[in-house]
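Student: Per our numbering: the sequence shown = residues 190 to 931.
Built from N, CA and C at the ideal position, the CB exists for glycine as well.
Because the structure is a prediction, the values reported are computed rather than measured.
Mind looking over this structure? Questions follow.
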Amino acid sequence: MESRSFLLPWLLLHCLTFSLLICLTASQDNRQTYIVYMGNKPQGQDQASTSSLHMSMLRQVVGSNMGPKSLLRNYMRSFRGFVAKLTKEEAQVMAGMKDVVSVFPNQKRQLHTTRSWDFMGFSQVVQRATTVESNTIIGIIDTGIWPESDSFNDEGFATPPTKWKGTCQVSTNFTCNNKIIGARYYKTDKRFGPDDLTSPRDENGHGSHTASTAAGNSVSKASLLGYASGTARGGVPSARIAAYKVCWSDGCDDADILAAFDDAIADGVDILSVSIGGSAALEYFNDPIAIGTFHAMRNGILTSVSAGNSGPSPSTISNIAPWFLSVAASTIDRNFSTKVQLGNNEIYEGISINTFDLQNVMYPLIYGGDAANTAGGFTSARSRFCLEGSLDRNLVKGKIVLCDAASSGREPFNDGATGALMRGQSRRDSASSFPLPVSYVDLNDGSKIFFYINSTRNATATIFKSTQDKDTLAPYVASFSSRGPNSITSDILKPDISAPGVNILAAWSLVNPVSSIKGDTRFVPYNIISGTSMACPHVTGIAAYVKTFHPTWSPSAIKSAIMTTAAPMSSSKNPDAEFAYGSGHVNPVKALSPGLVYDAEPIDYVKFLCAHGYSTRLLRLVTGDNSSCPIINNGNVWDLNYPSFALSVSAIESRNIRSRVFKRVMTNVGSPSSTYKASVTAPVGLQIQVNPSVLSFTSLGQKQSFTVTVAGAINGNSMSASLVWDDGVHQVRSPIVVYVAA
């Protein structure tokens, strides 16, 4: 007993010492590289004293743990700061020192395309057909264009291609150049708003953003006030641009959209981009976009169209015609977060792109529901959402307001609020800019902030500048992106493809502020915005890129190449599966060499419309030729030679689907002599057969027919399968979706 009592303290001391050594070693291992920024160098301070100050500060924080390699670099010529190895806790202490402006982790960054193009594997050094690209003309039907942007500088560009038959509506504030070779504007009702510029000039920014994403020059060191810094570039930087302005402060009129299509087709554009849509899908020939793109297709012009921003509810996609590409918006590996600190020192992290710096000053915090503009007839039931006119300026001026919904921030801003906290759960996968400091927090954190406001008489808060983070889950389809099924033709899968549409940096108008809210004084040449509008021109640029290598390919062949080479996306990240992302995430490099294509000529779309129920008389009016539908129409809409397969069935049919047969034709665009084998992946319950299962080709351009037969039963509302034609080099993939129609 005595010996054991003697050994116990010794063992305890030994264990404690050993544990301390482990802790010290662990603290060294937990260190990472941080940058300590200290602002401008004081006048007269020499480098030696600056270096000594940095070392002294580091010793104060790190103490005895400081090793010979703790201080990695000094900044002391133009501004002050240093780089050091710190733990997270040490970095927090360092950030609280009086001479420190900020402390942030050192991250690996590269000069790259506002990230989106590199994220798709489309680097600046990809193979290009430069001469052909320079003769390629992309038409942008949008809000106009900002011609002075570096993205549209014509240095090094030759005169426009001889095929160009368009014009430039020159005015006192607008001229074209050898990059922007054509520009027109349309306003049939002549009702211009006070801020509308009666020329092709873009007062909104949206048109410049989409144009530069599709075909903007490579511009280094582009950013939004330091955020998303990199090289801004379009998919085909050497291509020419023709801008057609149809959207104004009051919207985009159908009459103007159709006029733009009419001109663009005659002007000689090669590819069209349309980031415009309605609130619901319309019958094809009641829809100006479907009409315009149909005629573009007949003239050999492929159009890329945005899917819409009404997601994530089903059947919200509004642009659904089978002769154009409908583009969904997906994320890239970049997002933005904005921290909020309360007076009780609690910190919450929301999302936004906040470039404002409140200098860590705490401001009074008030709940919107407690600041109703009663003189204006508003109650807390409306003011809690910070709706326009609902807040009492005297109560919110100089304060941070908690709002129960996301908004533009216009009301708090106009009432003199210092900032706003918005709480909600919708659209938390894309960040927005506001005219004042804002952080959009989730409902759980919002409830804690609300509780804090009600727990003290002097609630305060501050909002920090945003930080740029890496989204490791990307790509996944944004919540705002409109979903299928197709509400007009249920057996045509829409959207077709997914492309980057979240937090995209591109050119902007210098007369519209960052937030697009009057009074915001931040005017920038490049802005970050999100939407299927941003995804659409990515695919426009890719389509143009493919066309530069395959100028004789039809719009359908280019479309097929883009769809069948797309990267499959995860249904676990995207519960709506193909109704969210279509064929998958676009892959620009692979689209150049698809191997096989599902080609379709104008007559194929006429047959499709016949099967859809259109009459010969109507179709002859549309096509202007002798197109006709058979007296007894045995065709099916799913027989259109489409690169994807969709089958809608009733709830009763879903239990025992009778055999449904899809007819397809493949055109060889790969190796002259090649053999492709069919591989089907299908869930339990679905039986899918391909006949024949082997396609052999002996020449380029050769066509081979096959059928896909679907039978079985659906477990749930929908089931996903796929067909891949593989020759050992090319994998031509098509999604197959079978679902219960609502």
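On the DSSP bridge list, what partners appear for Pro689?
Tutor: Answer is Ser519, bridged to Pro689.
Student: Using the Cα positions of Thr402 and Met723, report the straight-line distance between them to the nearest angstrom.
Tutor: Distance between the alpha carbons of Thr402 and Met723: 8 Å.
Student: Helix, strand or coil for Trp697, going by three-state DSSP, please let me know.
Tutor: Note: Trp697 maps to coil in three-state DSSP.
Student: Taking the alpha-carbon of Ala400 as reference, which of Ala444, Ser338, Thr651 and Ser438 has the nearest alpha-carbon?
Tutor: Closest option to Ala400, Cα to Cα, is Ser338.
Student: How would you label Val359, buried or exposed, when you count the other beta carbons within 10 angstroms and need 16 or more for buried?
Tutor: It is exposed - the Cβ of Val359 has fewer than 16 other Cβ atoms within 10 Å.
Student: What would DSSP say about Cys592, mapped onto helix, strand or coil?
Tutor: Note: Cys592 maps to strand in three-state DSSP.
Student: Compute the distance between the beta-carbons of Ser515 and Ile521, then report whether it is under 8 Å.
Tutor: No. Outside cutoff.
Student: Between the Cα of Tyr374 and those of Ile330, Pro383, Asn543 and Phe346, spot the shortest distance and give me the residue it belongs to.
Tutor: The candidate whose alpha carbon is nearest that of Tyr374 is Ile330.
Student: Taking its Cβ as the centre, do 16 or more other Cβ atoms sit within 10 Å of Val883, making it buried, or is it exposed?
Tutor: That one is exposed.
Student: State the Cα-Cα distance for the pair Lys779 and Gly558, rounded to the nearest angstrom.
Tutor: When rounded, the distance between both Cα atoms is 54 Å.
Student: Going by beta-carbon coordinates alone, are Arg422 and Val408 separated by less than 8 Å?
Tutor: Yes, Cβ-Cβ distance for Arg422 and Val408 is below 8 Å.
Student: So for Met758, helix, strand or coil by DSSP?
Tutor: Met758: coil per DSSP, three-state reduction.
Student: May I ask which residues mark the beginning and end of the beta strand (DSSP E) holding Phe834?
Tutor: Run containing Phe834: Phe834 to Val838, per the beta strand (DSSP E) assignment.
Student: Buried or exposed for Lys736, going by 16 or more other Cβ atoms inside 10 Å?
Tutor: That one is buried.
Student: Starting from Val529, follow the beta strand (DSSP E) in both directions and report where the run begins and ends.
Tutor: That run of the beta strand (DSSP E) goes Asn524 to Leu531.
Student: If you draw a straight line from the C-alpha of Leu209 to the C-alpha of Val250, how long is it?
Tutor: Because the pLDDT at Leu209 is just 38, under 50, the model does not fix this residue reliably, and the value given afterwards should be weighed accordingly. So the two alpha carbons sit approximately 19 Å from each other.
Student: Could you have a look at Asn549 and say whether DSSP puts it in helix, strand or coil?
Tutor: It is coil, neither helix nor strand.
Student: Taking Ser438 as the reference, which of Arg380, Ser418, Asn342 and Thr492 has the closest Cα?
Tutor: That would be Arg380, whose Cα lies nearest to the Cα of Ser438.
Student: Which runs of the alpha helix (DSSP H) fall wholly inside the segment 273 to 346 and span at least 4 residues, in chain order?
Tutor: Fully enclosed alpha helix (DSSP H) runs of 4 or longer: 277 to 284, 305 to 308 and 319 to 323.
Student: Could you please give me the residues that DSSP links to Val913 through a beta bridge?
Tutor: Paired residue(s): Ser868 and Arg922.
Student: Using beta carbons (cut-off 8 Å, strictly below), is Met855 in contact with chain B?
Tutor: This model lacks chain B altogether, as it is built from one protein chain only.
Student: From what residue to what residue does the alpha helix (DSSP H) around Lys796 run?
Tutor: Where Lys796 is concerned, the enclosing alpha helix (DSSP H) stretches over Pro791 to His801.
Student: Can you tell me whether Leu785 is helix, strand or coil according to DSSP?
Tutor: The answer is strand: DSSP assigns Leu785 an E or B state.
Student: Can you check the segment 595 to 621 for any alpha helix (DSSP H) of at least 4 residues that lies completely inside it and give the ranges in chain order?
Tutor: Counting only runs of 4 or more, we get 599 to 603.
Student: For Ser216 and Ser241, I'd like the C-alpha separation in whole angstroms.
Tutor: Annotation note: pLDDT 46 at Ser216 (below 50); position unreliable, coordinate value reported separately. Rounded to the nearest angstrom, the two C-alpha atoms are 25 Å apart.
Student: Taking 8 Å as the cut-off, does the segment 777 to 795 touch the segment 824 to 835 (at least 3 CB pairs, one atom from each stretch)?
Tutor: Counting Cβ pairs under 8 Å, three or more are found: they touch.
Student: Can you give, in chain order, each stretch of the beta strand (DSSP E) that sits fully within the segment 484 to 508 and has at least 3 residues?
Tutor: Fully enclosed beta strand (DSSP E) runs of 3 or longer: 491 to 495.
Student: Answer with buried or exposed for Thr678, where buried requires no fewer than 16 other C-beta atoms within 10 angstroms of its C-beta.
Tutor: With 16 or more other Cβ atoms within 10 Å, it is buried.
Student: Enumerated in chain order, which unbroken segments of the beta strand (DSSP E) with a length of 3 residues or greater are wholly contained in the segment 653 to 685?
Tutor: With a minimum length of 3 residues, the continuous beta strand (DSSP E) runs that stay inside the segment 653 to 685 are 656 to 658.
Student: Could you check the C-alpha separation between Ser760 and Ala273 for me, to the nearest Å?
Tutor: One C-alpha to the other measures close to 42 Å.
Student: Quick check on Thr214: buried or exposed, where buried means 16 or more other Cβ atoms within 10 Å of its Cβ?
Tutor: With a pLDDT of only 42 at Thr214, under the threshold of 50, the placement of this residue in the model should not be trusted, and no figure is reported.
Student: Quick one: what does DSSP say Gln249 is sitting in, helix, strand or coil?
Tutor: In the structure shown, Gln249 sits in a helix (DSSP, three-state: H, G or I).
Student: Exposed or buried, Thr302, counting other C-beta atoms within 10 Å across all chains shown (16 or more means buried)?
Tutor: The predicted position of Thr302 is uncertain, since its pLDDT is 38 and thus under 50; a value taken from the coordinates is nonetheless stated next. By the 10 Å Cβ count, Thr302 comes out buried.
Student: Are there 16 or more other CB atoms within 10 angstroms of the CB of Lys148, so buried, or fewer, so exposed?
Tutor: In the structure as shown, the chain starts at 190 and stops at 931, and residue 148 therefore has no counterpart that could be examined.
Student: Residues bridged to Glu538 by DSSP?
Tutor: Bridge partners of Glu538: Lys528.
Student: Classify Arg672 as buried or exposed, calling it buried when 16 or more other Cβ atoms lie within 10 Å of its own Cβ.
Tutor: Under this definition Arg672 is a buried residue.
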